[in-house]
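Participant: Below is one structure. I have some questions about it.
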Amino acid sequence: MSDTPDASHSEHIKRFVFTEKSEKEDRVSVEVVIPEKLQASYSFYTWPCAPYLAWYLFEHRTELEGKHILELGAGTSLPSILAAKCGAKVTITDSILLQKTLQHIHHICQTNQLNPDCYQVVGITWGFFTSQIFELDDIDLIIASDCFYEPHLFEDILMTVAYLLNRNPQAIFLCTYQERRPYNTFIGNYQEIDLTMSAANKLFVANLPWTVGTVELRRYFLKYGNLAVCEVKFDWKTGLSKGYGFVAFKEEKDMKACMENKNHTLEGVPIVVRPAVM
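Next up, the structure:
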């Protein structure tokens, strides 16, 4: 579907009220207002698992104050808005390619009268490593709801999550997932990616020019020592590079020699080189 809702997509206001389970008269209650466009793209309406994730956060609201929470594939951002109203600082993300969705998230935040200092909206596309993801502050909690829908995207989502968790070892990933196809699971994907990210002497390489393939990457890093692994990740659908990859040296000393260079450049473009284990 298009990310461009036109005038025919009338706005529908949906209200979510979260009230603590208690017998006392002054029970805590938080209301979140979500403007939806039901005939527009799927990111303009609230999917089934978002209220469950939001409710879980509400139940643990005393732990959220002052924490930095990042939501992936936020869409209408219900869990993020709830967290912000409970005192968290939230980074709300969706694909950088969906500019109308990102604008709609801003609209939702303004509708809920959030303090501009408590939230930011950032374009992050699963599986692509651009400057936006490298510039994030330290994260305490990563959340996602209804993101595990298309099996061919599982690896992209989990690669993004694995990278964020490696950058933020104190963080937790919390997601809600509706099992729509029993034979599809993302658990196997995560175990495979976790091994990929945690291999010894392995480096994560990002901001690669789209023209760089495995041959060019190997040629560049061989000057530091013998390689056990060298791969550039490609989008299976388009055949285009995702802009990142991995290299693993056979010897730890070679990896350390590589890391001593703080200014790696490939085809005239500065690239990001970091240990896969942090």
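Counting with full-length UniProt numbering, you get residues 1 to 278 for the letters of the sequence shown. Yeah, the Cβ is synthetic: ideal placement off N, Cα and C, and Gly gets one too. Since the structure is predicted, the reported quantities are computational estimates derived from the model, not experimental observations.
Would you kindly check if the distance between the Cβ of Val269 and the Cβ of Asn207 is under 9 Å?
Facilitator: On the sequence shown, residue 207 is found 207 positions in, with the first residue counted as 1. On the sequence shown, residue 269 is found 269 positions in, with the first residue counted as 1. Yes, they are a contact pair.
Participant: Name, in chain order, the residues that DSSP records as bridge partners for Gln120.
Facilitator: Within the sequence shown, numbered from 1, the residue matching residue 120 stands at position 120. Paired residue(s): Thr91.
Participant: Locate the beta strand (DSSP E) running through Tyr244, then write down its first and last residues.
Facilitator: Locating residue 244 in the sequence shown gives position 244, where the first residue counts as 1. Element bounds for Tyr244: 241-249.
Participant: By DSSP, does Glu59 sit in helix, in strand, or in coil?
Facilitator: Taking the first residue of the sequence shown as position 1, residue 59 is located at position 59. Three-state DSSP puts Glu59 in a helix.
Participant: In this structure, does DSSP put Thr101 in helix, strand or coil?
Facilitator: Counted from its first residue, the sequence shown places residue 101 at position 101. It is helical.
Participant: Run through DSSP, which three-state label would Ser131 get?
Facilitator: Translated into the one-based positions of the sequence shown, residue 131 becomes position 131. The answer is helix: DSSP assigns Ser131 an H, G or I state.
Participant: Does DSSP classify Cys49 as helix, strand or coil?
Facilitator: If you number the sequence shown from 1, residue 49 lands on position 49. The answer is coil: DSSP assigns Cys49 none of H, G, I, E or B.
Participant: If you draw a straight line from the C-alpha of Asp146 to the C-alpha of Pro48, how long is it?
Facilitator: Position 146 of the sequence shown, counted from the first residue, corresponds to residue 146. Position 48 of the sequence shown, counted from the first residue, corresponds to residue 48. Cα to Cα, Asp146 sits roughly 7 Å from Pro48.
Participant: Ala228 by DSSP, collapsed to three states: which one?
Facilitator: What you label residue 228 is simply residue 228 of the sequence shown in a count that begins at 1. It is a strand residue.
Participant: Would you list the one or two residues that DSSP bridges to residue 331?
Facilitator: Nothing can be reported for residue 331, as the shown portion of the chain is limited to 1 through 278.
Participant: Using a 10 Å radius around the Cβ and a threshold of 16 neighbouring Cβ atoms, would you call Lys37 buried or exposed?
Facilitator: Here residue 37 refers to the residue found at position 37 of the sequence shown. When all chains shown are included, Lys37 counts as buried.
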